[in-house]
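Note sheet for the following structure.
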Amino acid sequence: MKALWTALAILGALVVQSALSASLPSQGRILDPFLLVVVYCGLTGGEIHGMLAGVAAGWVQDIHFGGPVAGLSALTKLLLGFGVGVAGTRFFIQGTAPRLLTLFTAAAVDAALFERLAMTFDVPTSSLSPLGILARASINALVGVAAFELVDLRRRRQEARP
Amino acid sequence: MARVIDTRRSRLLLAALVVSHLVVIGHQVDGGEGLSLLQRVVFKLLSPVQRVVAAVAHGVGQAWSSYLDLRGVREDNRRLAERVAGLEGQVQYEQQRVLEAERLRELLELRQVLPIATIAAEVVGRDGLPWFRTLTLDKGREDGIALDAAVLSATGIVGRVVAVGPRAARVQLLLDRDSGVAAILERNRVAGVVCGQVGYADQGKPDLVMKYVSSLADVAVGDRVLSSGLDRIYPKGLVIGRVRSVGAGAGLFREVLVTPSAGFDRLEEVLVVRDPPEQPVLTETIR
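Note that the protein sequences, when read in sequence, are chains A and B.
The opening residue of the first sequence carries number 2 in the working numbering; numbering runs sequentially from there.
The opening residue of the second sequence carries number 15 in the working numbering; numbering runs sequentially from there.
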């Protein structure tokens with residue numbers, strides 16, 4: 002069941018990313034819905050779930066929106082899902098502020114890690130400035146917190162039903 | 015406990031996924047020189063192993079090849095040693111043939127010079143003692159050899175036939191104490207009788223002794239001694255030997271020692287006189 006919901010979430014992220022890329026080509030890279038799925042899976046399902054969700058989401062992102070080398074996003078999201086999963090099992094990350102901090106950090110690390118890997122493998126990519134990373138992290142954190150709250154609200158309602 | 019296992023499993027999974035992603039990415043990235051990054055990394059990682067394996071394989075190959083070469087060399091060595099031994103035997107055989115041809119040539123020359131008929135015979139036996147007195151020849155009565163026939167070598171008189179069979183003959187050598195040859199000195203025709211000194215118990219000396227030489231006769235060391243033909247056994251003019259020493263002797267005669275010309279211990283082929291000199295027949299006597 003968890004895998005099904007994860008697949009559906011990745012599919013939703015694909016739809017959102019496609020829509021953003023089509024409507025706002027220049028700002029499309031600022032928001033990363035796949036990142037939000039990976040962080041959520043890591044926080045709620047642990048490191049294994051986070052890793053697998055990261056690999057799946059990363060490959061979808063690579064295939065649809067990646068550059069000349071496939072696998073960079075997958076590797077980035079894999080490491081990110083693992084890290085978030087480890088953090089989620091070690092620390093109590095519930096509530097808006099911790100999630101905001103986690104999403105902010107994850108988005109910044111994602112951008113930095115991707116650039117670093119691209120540089121390592123000598124893959125040409127447009128690098129973000131520190132300000133761009135900051136803006137990306139902030140937007141992803143805000144949107145992510147909102148999305149997580151919506152998902153949690155829905156889950157709570159489902160659990161509350163007799 | 016379950017948490018520990020989960021952590022270990024998750025780390026193993028992480029490592030496997032990271033490695034597989036690195037492989038996939040490395041396979042796509044150009045590593046230069048027509049190789050992908052993955053190929054280049056793998057090549058770089060495995061090349062030392064390949065070098066080691068190649069070195070070991072080369073060493074083993076070399077050792078094996080050396081071993082095979084060594085075996086070949088050993089086999090060649092054995093074959094060559096056998097060939098050398100065979101060739102040495104052949105050379106010795108050929109040398110013997112040359113020596114034999116030389117001896118036969120000398121005998122043939124003698125035979126052509128002699129005014130008498132002779133038979134060539136091969137020495138097939140002799141006394142196995144230091145100073146032997148007899149020889150055995152491979153020719154006998156059926157070959158025309160008769161008793162008392164003179165036996166010659168290329169270098170001088172050997173002796174006379176004292177026993178004859180159908181296909182063999184025994185020769186009494188001049189060395190025998192019981193032998194005797196009527197002799198003269200070539201230089202001044204001083205006459206005497208040459209005898210051997212070797213007795214039945216193989217005692218005596220290898221020199222011959224010339225008896226009945228007058229103490230007044232002129233005999234010098236080195237004088238050549240020839241057969242005089244007066245004994246009616248040995249043809250006249252054959253070489254017997256050379257004077258080795260001349261002593262005062264006792265009584266009326268000198269003591270003359272003669273070194274025989276014939277090498278008795280080296281004889282292999284001889285000539286046997288077929289027709290001995292005819293005995294003179296006296297038909298009248300003075301009463």
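Beta carbons: idealized from backbone N, C-alpha and C, even for Gly.
Here the structure is a predicted model, which means the values were calculated and not measured.
By the three-class DSSP mapping on this structure, what secondary structure does residue 224 of chain B have?
The residue labelled residue 224 of chain B in the question sits at position 210 within the second sequence. If DSSP states are grouped into helix, strand and coil, residue 224 of chain B belongs with the strands.
Per-residue burial, residue 65 of chain A [other beta carbons within 10 Å of its own, 16 or more giving buried]:
Position 64 of the first sequence holds residue 65 of chain A. Exposure of residue 65 of chain A is indicated by the presence of fewer than 16 other C-beta atoms within 10 angstroms of its C-beta.
Whose C-alpha, out of A/34, A/146, A/48, is nearest the C-alpha of residue 59 of chain A?
Residue numbering aside, residue 59 of chain A sits at position 58 when the first sequence is read from its first letter. Checking every option, the nearest Cα to that of residue 59 of chain A belongs to A/34.
Between the stretch 76 to 87 of chain A and the stretch 18 to 26 of chain A, can you find at least three pairs of beta-carbon atoms closer than 8 angstroms?
no
Do residue 177 of chain B and residue 289 of chain B come within 8 angstroms of each other at the CB atom, strictly closer than that value?
As a first step, residue 289 of chain B is located in the second sequence; it is residue number 275 there, counting from the start. As a first step, residue 177 of chain B is located in the second sequence; it is residue number 163 there, counting from the start. No, Cβ-Cβ distance for residue 289 of chain B and residue 177 of chain B is not below 8 angstroms.
State yes or no: is the beta carbon of residue 67 of chain A nearer than 8 angstroms to at least one beta carbon in chain B?
The residue labelled residue 67 of chain A in the question sits at position 66 within the first sequence. By this cut-off, residue 67 of chain A is not an interface position.
Counting C-beta neighbours from all protein chains within 10 Å, is the total for residue 28 of chain B 16 or more, i.e. buried, or is it exposed?
Counting from 1 along the second sequence, the entry for residue 28 of chain B is found at position 14. By the 10 Å Cβ count, residue 28 of chain B comes out buried.
Kindly list, in the order they appear in chain B, the residues whose Cβ is closer than 9 angstroms to that of residue 56 of chain A.
Mapped onto the first sequence, residue 56 of chain A falls at position 55. Correct list: 31, 35.
Can you give, in chain order, each stretch of the beta strand (DSSP E) that sits fully within the stretch 88 to 157 of chain B and has at least 3 residues?
132 to 140, 148 to 151
From residue 84 of chain A to residue 25 of chain B, what does the alpha carbon distance come to, in whole angstroms?
The count along the first sequence starts at 1 and reaches residue 84 of chain A at position 83. The count along the second sequence starts at 1 and reaches residue 25 of chain B at position 11. Going from the Cα of residue 84 of chain A to the Cα of residue 25 of chain B covers about 11 angstroms.
Between the Cα of residue 101 of chain A and the Cα atoms of A/90, A/53, A/139, which residue gives the shortest distance?
Here the question's residue 101 of chain A lines up with position 100 in the first sequence. For residue 101 of chain A, the nearest C-alpha among the options comes from A/139.
For residue 70 of chain A, which residues in chain B fall below 7 angstroms Cβ to Cβ?
Numbered from its first residue, the first sequence carries residue 70 of chain A at position 69. Near residue 70 of chain A (Cβ distances below 7 angstroms), the residues of chain B are 39, 42, 43.
Would you decide whether residue 277 of chain B is buried or exposed? Buried here means 16 or more other CB atoms lie within 10 Å of its CB.
Residue 277 of chain B sits at position 263 when you count from the first residue of the second sequence. Flag for residue 277 of chain B reads exposed.
Got a sec, what are the start and stop residues for the alpha helix (DSSP H) residue 49 of chain A sits in?
Position 48 of the first sequence holds residue 49 of chain A. 34 to 66 is the extent of the alpha helix (DSSP H) around residue 49 of chain A.
Identify the continuous alpha helix (DSSP H) that holds residue 82 of chain A and give its terminal residues.
The residue given as residue 82 of chain A occupies position 81 in the first sequence. From DSSP, the alpha helix (DSSP H) with residue 82 of chain A extends over 73 to 91.
Cβ-Cβ distance between residue 184 of chain B and residue 175 of chain B below 8 angstroms:
What you label residue 184 of chain B is simply residue 170 of the second sequence in a count that begins at 1. What you label residue 175 of chain B is simply residue 161 of the second sequence in a count that begins at 1. Closer than 8 angstroms, so yes.
For chain B, is any of its Cβ atoms less than 8 angstroms away from the one on residue 120 of chain A?
Translated into the one-based positions of the first sequence, residue 120 of chain A becomes position 119. For residue 120 of chain A, the answer is no, since every Cβ of chain B falls outside 8 angstroms of its Cβ.
Quick one: which chain A residues come within Cβ less than 7 angstroms of residue 28 of chain B?
Taking the second sequence and counting its residues from 1, one reaches residue 28 of chain B at position 14. The contacting residues are 52, 83.
Is the stretch 228 to 236 of chain B close to the stretch 184 to 193 of chain B, with three or more CB pairs under 8 angstroms?
no
CB contact check: residue 48 of chain A to chain B, cutoff 8 angstroms:
Numbered from 1 along the first sequence, position 47 holds the residue referred to as residue 48 of chain A. Judged by the 8 angstroms Cβ criterion, residue 48 of chain A is in contact with chain B.
Output yes if chain B places a C-beta closer than 8 angstroms to the C-beta of residue 111 of chain A; else output no.
Within the first sequence, residue 111 of chain A is the residue found at index 110, counting from 1. Output row for residue 111 of chain A: interface = no.
Under a three-way DSSP split, which group does residue 241 of chain B fall into?
Taking the first residue of the second sequence as position 1, residue 241 of chain B is located at position 227. In the structure shown, residue 241 of chain B falls within a strand segment according to DSSP collapsed to helix, strand and coil.
For a quick check, are the C-beta atoms of residue 72 of chain A and residue 35 of chain B less than 8 angstroms apart?
The residue given as residue 72 of chain A occupies position 71 in the first sequence. The residue given as residue 35 of chain B occupies position 21 in the second sequence. Their beta carbons are under 8 angstroms apart, which means residue 72 of chain A touches residue 35 of chain B by this criterion.
Is the beta carbon of residue 249 of chain B closer than 8 angstroms to that of residue 242 of chain B?
Within the second sequence, numbered from 1, the residue matching residue 242 of chain B stands at position 228. Within the second sequence, numbered from 1, the residue matching residue 249 of chain B stands at position 235. Contact flag unset, no.
Under 8 angstroms: do the stretch 113 to 121 of chain A and the stretch 47 to 58 of chain A share three or more Cβ pairs, one atom per stretch?
The answer is no - the stretch 47 to 58 of chain A does not touch the stretch 113 to 121 of chain A, with fewer than three Cβ pairs under 8 angstroms.
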